[in-house]
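Colleague: The structure that follows is given in the form of structure tokens.
Numbering (the UniProt record's numbering), first residue to last: 1 to 297.
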């Protein structure tokens, strides 16, 4: 299955660098990445072109600032696309290396799909939303109410299904987010088959929750989260430690479990020593991680 991956962007500084790196690190390599620059400044273009010069799968599409979040530009790209399926990533989010593989599996027998919507808060708490429109009641709620249970970063759809819709990406009504506006266009069609997975394959680092952060702090957080989750032990640890029902788990708890996995120990045997992705003893200890992310002891 060939994917077109879309990153819509205006300007979140260098966070897009780590979103792109996580996409190019996919185990499912049959993809093209389209970065849609919606009125973005030149430094964003330069950063994306740096990746495009090294990897032919990366393409930059520059547009003037459009209505809403540049939704019409997404439709323009999809209208000309040659792919089997489409996936999305926020310009400040991170994909795990198995994300596209998971979506490909879901979309073999579905038109619209998503994995688990997982978020990291500024205080390092990770939580998931487990509702899914694969449940008929949730599907109805998303159509009827101003309510959504997953964003674009964990979602995907077949391109042929998108082209069957009466309307594609376009600016929504006032107060309706771009993603919910698009999701409703899928969910309101009776023929659209929806699939979901409880696998955690992506991480959302929401910008509104970090509105007071400067670019340096945001870049530092994105880099560290990206580098930590390059190690598959972290994704396994997240799957084992992340509760259901919107209950948060601290990131250091996930790191502790990943350390145990990396050392070949069952859960509960403590941590320390070599962490995932590093040869320095204790480099990924919860205390060290907390200090690096927050600057606090």
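For glycine and all other residues, C-beta sits at the position ideal for the given N, C-alpha and C.
Fair warning: this is a prediction, and the values are worked out from it, not measured in the lab.
Using a Cβ-Cβ cut-off of 8 Å (strictly less than) and excluding sequence neighbours within five positions of residue 3, which residues of its own chain qualify?
Modeller: If you number the chain shown from 1, residue 3 lands on position 3. Cβ neighbours of residue 3 beyond the five flanking positions: 28, 30, 31, 32, 83, 84, 85, 86, 87, 100, 103, 104, 156.
Colleague: With DSSP as the reference, label residue 299 as helix, strand or coil.
Modeller: Nothing about residue 299 can be read from this structure; the chain reaches only from 1 to 297.
Colleague: Using the Cβ count rule (16 or more neighbours within 10 Å means buried), how would you classify residue 256?
Modeller: Counted from its first residue, the chain shown places residue 256 at position 256. Residue 256 should be labelled buried.
Colleague: Considering only the beta carbon of each residue, do residue 117 and residue 204 sit closer than 9 Å?
Modeller: Along the chain shown, one-based indexing puts residue 117 at 117. Along the chain shown, one-based indexing puts residue 204 at 204. For residue 117 and residue 204, yes; Cβs fall inside 9 Å.
Colleague: Counting along the chain, where does the beta strand (DSSP E) carrying residue 66 start and finish?
Modeller: Residue mapping note: residue 66 aligns to position 66 of the chain shown, counting from 1. Per DSSP, residue 66 belongs to no beta strand (DSSP E) and is neither H nor E.
Colleague: Just grab the DSSP bridge partners of residue 88 for me.
Modeller: Here residue 88 is taken as the residue at index 88 of the chain shown, counted from 1. In the DSSP output, where bridge partners are listed per residue, residue 88 has 6.
Colleague: Can you round the beta-carbon distance between residue 148 and residue 191 to whole angstroms, since I take them to be within the 8 Å contact cut?
Modeller: Numbered from 1 along the chain shown, position 148 holds the residue referred to as residue 148. Numbered from 1 along the chain shown, position 191 holds the residue referred to as residue 191. So it is not a contact: roughly 22 Å between Cβ atoms.
Colleague: How long is the line joining the alpha carbons of residue 217 and residue 164, rounded to whole angstroms?
Modeller: Here residue 217 corresponds to residue number 217 of the chain shown, with the count starting at 1. Here residue 164 corresponds to residue number 164 of the chain shown, with the count starting at 1. In a straight line, the C-alpha of residue 217 is about 43 Å away from that of residue 164.
Colleague: DSSP on residue 221, reduced to helix/strand/coil?
Modeller: The count along the chain shown starts at 1 and reaches residue 221 at position 221. Of the three classes helix, strand and coil, the one that applies to residue 221 here is helix, per DSSP.
Colleague: Can you look up residue 34 in the DSSP assignment and give me helix, strand or coil?
Modeller: Position 34 of the chain shown, counted from the first residue, corresponds to residue 34. Looking at residue 34 - three-state DSSP - the assignment turns out to be strand.
Colleague: Should the stretch 109-123 be regarded as contacting the stretch 48-57, the criterion being three or more beta carbon pairs within less than 8 Å?
Modeller: No: the two stretches stay apart, fewer than three of their Cβ pairs being nearer than 8 Å.
Colleague: To which residues does DSSP link residue 59 through a beta bridge?
Modeller: Taking the chain shown and counting its residues from 1, the one referred to as residue 59 is at position 59. Answer by DSSP bridge pairing, in chain order: 34.
Colleague: Could you spell out where the beta strand (DSSP E) holding residue 157 opens and where it closes?
Modeller: Numbered from its first residue, the chain shown carries residue 157 at position 157. Counting along the chain, the beta strand (DSSP E) containing residue 157 begins and ends at 155-158.
Colleague: Quickly, what does DSSP pair residue 95 with across the bridge? List them, please.
Modeller: Taking the first residue of the chain shown as 1, we reach residue 95 at position 95. DSSP output for residue 95 lists 202 as bridge partner(s).
Colleague: Could you check what DSSP says for residue 316 in three-state terms: helix, strand or coil?
Modeller: This structure cannot settle anything about residue 316, because the visible part of the chain is limited to 1 through 297.
Colleague: Let me make sure I understand the geometry here. Which of 226, 131, 142, 21 has the alpha-carbon closest to that of residue 58?
Modeller: For the purposes of this step, residue 58 is taken as the residue at position 58 of the chain shown. When each option's Cα is compared against that of residue 58, the closest is 21.
Colleague: Please classify residue 171: does DSSP put it in a helix, a strand, or coil?
Modeller: Within the chain shown, numbered from 1, the residue matching residue 171 stands at position 171. Coil.
Colleague: To the nearest angstrom, how far is it from the Cα of residue 271 to the Cα of residue 115?
Modeller: Position 271 of the chain shown, counted from the first residue, corresponds to residue 271. Position 115 of the chain shown, counted from the first residue, corresponds to residue 115. For residue 271, the predicted structure reports a pLDDT of 39, less than 50, and the residue's modelled location is therefore unreliable. A value from the coordinates is still provided. Those two C-alpha atoms are separated by around 29 Å.
Colleague: DSSP three-state call for residue 112: helix, strand or coil?
Modeller: Here residue 112 refers to the residue found at position 112 of the chain shown. It is a strand residue.
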